[in-house]
Amino acid sequence: MCFVTVRLEGNEKSKIDGLGQIQAIVCRQEMGSDGTYKESMRYLKPCTEHTFRGNYRKAKSGTMSLFITESKAVRFTCGVSPSLVWKLLEDVNSNTVNIGVAASLVGLTTPEFQQVLSPGTSKQQRKAFCSKTARLVSTGKECRGRIRKPKLASQELARLERLKTDCRGLNEIVLDSAWLRMNAGTVALGDADPLANIVSGGKISVGQGGGRHHYAEKKKRPQVKTMIKLVQEVVQSGQTIIDVGGGRGDLGIALAKTFPGHQVLVYEPNRPSCDQGRARATDLGFSNIAFKCEPLEALARKLGNPQYGVERQDGRRPLLVSLHACGGLSDAILEVCGTFKLTFCLCTCCFASFPQLRPKEVCSREDYLFLSRIAETNELVDGAQYCATRIINSLRVKAYLGSNWSVRLYRFPKEWSGRNFVIQGRCRNEGKCAVEMARPLKKSKLLEPANATPKK
Ligand SMILES: C[S@@+](CC[C@H](N)C(=O)[O-])C[C@H]1O[C@@H](n2cnc3c(N)ncnc32)[C@H](O)[C@@H]1O
750 MCFVTVRLEG
760 NEKSKIDGLG
770 QIQAIVCRQE
780 MGSDGTYKES
790 MRYLKPCTEH
800 TFRGNYRKAK
810 SGTMSLFITE
820 SKAVRFTCGV
830 SPSLVWKLLE
840 DVNSNTVNIG
850 VAASLVGLTT
860 PEFQQVLSPG
870 TSKQQRKAFC
880 SKTARLVSTG
890 KECRGRIRKP
900 KLASQELARL
910 ERLKTDCRGL
920 NEIVLDSAWL
930 RMNAGTVALG
940 DADPLANIVS
950 GGKISVGQGG
960 GRHHYAEKKK
970 RPQVKTMIKL
980 VQEVVQSGQT
990 IIDVGGGRGD
1000 LGIALAKTFP
1010 GHQVLVYEPN
1020 RPSCDQGRAR
1030 ATDLGFSNIA
1040 FKCEPLEALA
1050 RKLGNPQYGV
1060 ERQDGRRPLL
1070 VSLHACGGLS
1080 DAILEVCGTF
1090 KLTFCLCTCC
1100 FASFPQLRPK
1110 EVCSREDYLF
1120 LSRIAETNEL
1130 VDGAQYCATR
1140 IINSLRVKAY
1150 LGSNWSVRLY
1160 RFPKEWSGRN
1170 FVIQGRCRNE
1180 GKCAVEMARP
1190 LKKSKLLEPA
1200 NATPKK
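In structure tokens form, the structure reads like this:
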């Protein structure tokens, strides 16, 4: 049995259209033998659109069910990951999926898709294709990948100016070399250096050459050091530090090393990353760090439940951190911090990923698409990328935090990253953590009970 949101077609449309979620029951043995069903189900993931056809029934309890007899993947949508596009490539290669179907899923023509599958194409080029295609699908623009336009059109600049008015009043600190020398430069990571966390062939190895090494040394390491410095500014004695979306623990492990008197919890729903991080922390002999293979949603539920001691620290608030929280994950983290009044240091990342995690729209959809496209574009002059990034982050702060917050935006130097900002927030209204928070939680998807099952 599987629960999906469906767009219905056919005769039943008039009866069901507009009802939103229904229970969709997949009866494998009833599926057509042409493989369409199997093909479609491979891509049943968030950020893909499917159509299903089947027999509709409404139970006495009011539950609506669709007994699916046909299904079809229609297209990949905004927020789709490069890894899903990679899977598509592999499936075409192994003849599991027809090339025409695959091309239409990502909005390309068959020859365009064919090109990347030619024997002369290297693995690197295929990976680049996947990233570009996923970005094209997400931003919905005719240019693939990052837009190389040197300047924005005058209309776009005017639109940016109009949106800028929404981000007045936030303190911003540009992290330059002087700040870094005086602050982050003094953080010693030792064996907790992210450079030691590069994976090669499934094993963690130290000092591999190539792009990942360069990235870890020149970008990730200074970002981790900066995050530690910013955490140092706000952390209270003995406070639990929770790293959300902590991946393989680049930040979490460095925090555990720097703050031995604090418990660090890394929440990372991706099992392999979580296992690797845990193994590394064990190898290093750190006892003040734990990895939980759980998403932010699980943490939010625990924060609202008095039975969880470590997450709630017996009534004291933990500190939330996150490094490179992609798209909607940043929004969701801010929502949780706003709701539970948690001090946080959040390093935002891209803008189109995980749209399903975004608790609400921070501006109109058109404005968001416009801003996120510019914020994702590296080559723009006149600081437009920076400006769009700042606007989105300011809108987020405004949307998710109340008035009682002291918030700072830290902007990384361009050589580390053009779009990563750190938002550091401290709720001025200190006191006991908990469910007795300022704002109601009812509507938040993040706080649905963990064991919620769809009603039958
Ligand atoms: C860009 S990675 C950053 C990883 C790590 N912080 C780092 O800097 O190396 C974003 C991470 O967020 C995780 N993630 C995705 N959805 C999440 C969720 N709902 N809750 C928590 N983490 C999530 C992903 O698995 C991924 O590891």
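Just so we're aligned, residue 750 is where the sequence shown starts under this note's numbering, counting upward by one. Idealized CB from N, CA, C, for every residue including glycine. Note that the structure is predicted; figures quoted are calculated from it, not measured.
Could you check if residue i is buried or exposed, using at least 16 other CB atoms within 10 Å of its CB as the buried criterion?
i, result
"Pro-1067", "buried"
"Ala-927", "exposed"
"Arg-1177", "exposed"
"Val-923", "exposed"
"Met-931", "exposed"
"Leu-793", "exposed"
"Ser-887", "buried"
"Glu-1060", "buried"
"Ala-851", "buried"
"Thr-935", "exposed"
"Lys-900", "exposed"
"Glu-910", "exposed"
"Gln-988", "buried"
"Pro-1055", "exposed"
"Gln-1025", "buried"
"Pro-868", "exposed"
In this structure, what does DSSP give as the bridge partners for residue i?
i, result
"Gln-1173", "Cys-1094, Arg-1157"
"Ala-1074", "Thr-1097"
"Ala-976", "In the sequence under discussion, the amino acid at residue 976 is Met, which differs from the Ala named in the question. In the DSSP output, where bridge partners are listed per residue, Met-976 has none listed."
"His-799", "Ala-822"
"Glu-921", "Leu-1158"
"Arg-806", "Ser-814"
"Asp-1032", "DSSP, once it has assigned bridges, lists no residue as partnering Asp-1032."
"Lys-1041", "Tyr-1016"
"Ile-990", "Val-1013, Leu-1068"
Measuring only from the beta carbon, is residue i closer than 8 Å to any heavy atom that is part of ligand 1?
i, result
"Arg-806", "no"
"Tyr-1016", "yes"
"Gly-939", "no"
"Asp-999", "yes"
"His-1073", "yes"
"Leu-729", "It is not possible to answer for residue 729, since the shown part of the chain is limited to 750 through 1205."
"Cys-1098", "yes"
"Lys-967", "no"
"Phe-1103", "yes"
"Glu-1046", "yes"
"His-1166", "Note that residue 1166 corresponds to Ser in the displayed sequence, not to His. It does not: the Cβ of Ser-1166 is nowhere closer than 8 Å to a heavy atom of ligand 1."
"Leu-1078", "yes"
"Asp-1024", "no"
"Gly-996", "yes"
"Asp-942", "no"
"Val-1219", "Since the displayed the chain opens at 750 and closes at 1205, residue 1219 lies outside it and no answer follows."
"Leu-1106", "yes"
"Ala-945", "no"
"Ala-883", "no"
"Ala-1081", "yes"
"Asn-1019", "yes"
Ignore the nearest five residues each way along the sequence and tell me which others in residue i's own chain have a CB closer than 8 Å to its CB.
i, result
"Asp-925", "Pro-1162"
"Gly-849", "Thr-859"
"Arg-1020", "Cys-1042"
Residues in its own chain within less than 6 Å of residue i by CB, not counting five upstream and five downstream?
i, result
"Glu-798", "Val-823, Arg-824, Thr-826"
"Arg-1175", "Val-983, Thr-1092, Ser-1155"
"Trp-835", "Cys-879"
"Ile-1002", "Ala-941, Ala-1030"
Just to confirm my understanding: we take residue i, look at its own chain, exclude 5 residues before and 5 after, and list those with CB closer than 7 Å. What are they?
i, result
"Leu-1000", "Val-973, Met-976, Asp-992, Val-1070, Leu-1072"
"Cys-1112", "Leu-1144"
"Thr-743", "No statement about residue 743 is possible, as the shown extent of the chain runs from 750 to 1205 and does not include it."
"Pro-1018", "Cys-1042, Glu-1043, Pro-1044"
"Cys-1099", "Cys-1075, Gly-1076, Glu-1125"
"Asn-842", "Leu-866"
Any heavy atom of ligand 3 closer than 8 Å to the beta-carbon of residue i?
i, result
"Val-984", "Ligand 3 is not part of this structure, which contains only ligand 1."
Any 3 or more C-beta pairs closer than 8 Å across the region 968-987 and the region 1156-1171: Result yes; three or more Cβ-Cβ pairs closer than 8 Å.
Sufficient close CB pairs (3 or more, under 8 Å) joining the region 1004-1020 to the region 1036-1054: At 8 Å Cβ cutoff, the stretches touch.
Touch test, the region 859-874 against the region 813-826, Cβ-Cβ under 8 Å, three pairs minimum: As far as the Cβ criterion goes, the region 859-874 does not touch the region 813-826, which means the pair count is below three.
The region 1044-1052 in contact with the region 987-994 per 3-pair CB rule at 8 Å: Contact holds between the region 1044-1052 and the region 987-994, because three or more Cβ pairs, one in each stretch, are under 8 Å apart.
At least three beta-carbon pairs within less than 8 Å, the region 1095-1106 to the region 1068-1079: The answer is yes - the region 1068-1079 touches the region 1095-1106, with three or more Cβ pairs under 8 Å.
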